[in-house]
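First up is the structure itself, then whatever we jot down about it.
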Amino acid sequence: MLRKKIFVTGGAGFIGFHLSQRLLERGEQVCALDNINDYYDINLKKDRLKLLEGQGNFIFIEADIADRKKMSDIFSCEKFDVVVNLAAQPGVRHSLINPYSYIDSNIVGFLNILEGCRHNKVKHLVFASSSSVYGANTRMPYSVHQSVDHPVSLYAASKKANELMAHSYASLYGIPSTGLRFFTVYGPWGRPDMAYFSFTKSILDGTPIKIFNYGKMKRDFTYIDDIVEGVVRVIDRVPQSNPNWSGNDPDPASSYAPFKVYNIGNHQPVELLRFINILESYLGREAIKNLMPMQVGDVIATYADIKEFIDDVGFKPCTSLEEGLKKFVKWYLDYYRH
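Put into structure tokens, the structure is as follows:
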């Protein structure tokens, strides 16, 4: 079987690193790109890269997807078969502080990705969306067939914009595109700005943790290996046009164009206080809890309907929270030498 040449943007990031590792293991050629910004500890990003570099089928490019000329040059030079866009400015709360970074990376940068795919005959674009796009929706579980027109953060709006932009390019230029709405990804080598990561640090340091909405939040926590397995299977499944799609009753998850959207979640929302209890049990320490009101831009719960994903790609995320957190805590203690 011919190896694919796969472009992974955000390759030094949490999901990008794990995906690159998995693709290399199955013999693909991987070109990873990252701007190594200081949104969180760059040493963690560099340590991820050290585990990837030196492998024969791997190259790394330090660049920003918002750099139009650089991205154009990379696409025309490398001629990728598949692009997996994971590069983005993440985080709901940070979008309240630095909104312009979301437009630069998530809008301008994504347009550069689309233009690169358009002009270089990329066979499949897979891109990260987010459960955040469901915004003010309250019907659970969240279905890809629901309208998602009421985002409650700029981050969510930028991810919804990515879906709209990708659809327009699928329609105009026939670029097969699949959007993946990730639900609260966690695991080893994770992002320090994520709650589970900062909770772990605070519990070990003996400092209070902030628990919003008085701990009544629920999240569909999804282990990194399940996310990566889902992405790999989606890479191999190029979307087709939906012959039953109708403009009289438009389905948001598919199209007359080669475009598809999926949820990837664990389909098991967990209350934050239970999550913290499991974390405490593996750390052998009790958290100092600072219960606080709901924060602007947040949502009370996330819960993924993944039936269509399971039916189409033949995979169901199955890592329990207990198993996943146990692996994360072991990695954290090893990495930070506690």
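Using the working numbering, the first residue of the sequence shown is number 213, and each one after it goes up by one. C-beta atoms are modelled at their ideal positions from N, C-alpha and C, and glycine is treated no differently. Computed from a prediction, not measured in an experiment: that's the story for all the values here.
- Across the structure, residue 215 and residue 293 are spaced so that their CA atoms are roughly 9 Å apart.
- The beta carbon of residue 315 lies closer than 6 Å to none in the same chain, with the five residues before and after it left out.
- In the assembly as shown, residue 257 is a buried residue. Its beta-carbon has 16 or more other beta-carbons within 10 Å.
- With respect to the C-alpha of residue 269, the residue from 249, 219 and 528 having the closest C-alpha is 219.
- The continuous alpha helix (DSSP H) containing residue 541 extends over residues 533-547.
- Residue pairing by DSSP places residue 243 opposite 219 and 271 in a beta bridge.
- Following the DSSP letters along the chain, one finds residue 484 in no beta strand (DSSP E) but inside the alpha helix (DSSP H) bounded by residues 484-495.
- Per the coordinates, the alpha-carbon of residue 321 lies some 8 Å from the alpha-carbon of residue 280.
- A buried status is given to residue 423, since no fewer than 16 other beta-carbon atoms sit within 10 Å of its beta-carbon.
- Taking the Cβ atoms as the reference, residue 476 lies roughly 18 Å from residue 400, outside the contact range of under 8 Å.
- Taking a contact as a CB-CB distance under 8 Å, the pair residue 440 and residue 305 does not count as one, their CB atoms being some 26 Å apart.
- Measuring C-alpha to C-alpha distances from residue 483 to each of 536, 515 and 389 identifies 515 as the nearest.
- With respect to the C-alpha of residue 242, the residue from 402, 229, 490 and 369 having the closest C-alpha is 229.
- For residue 522, the uninterrupted alpha helix (DSSP H) run begins and ends at 519-525, by DSSP.
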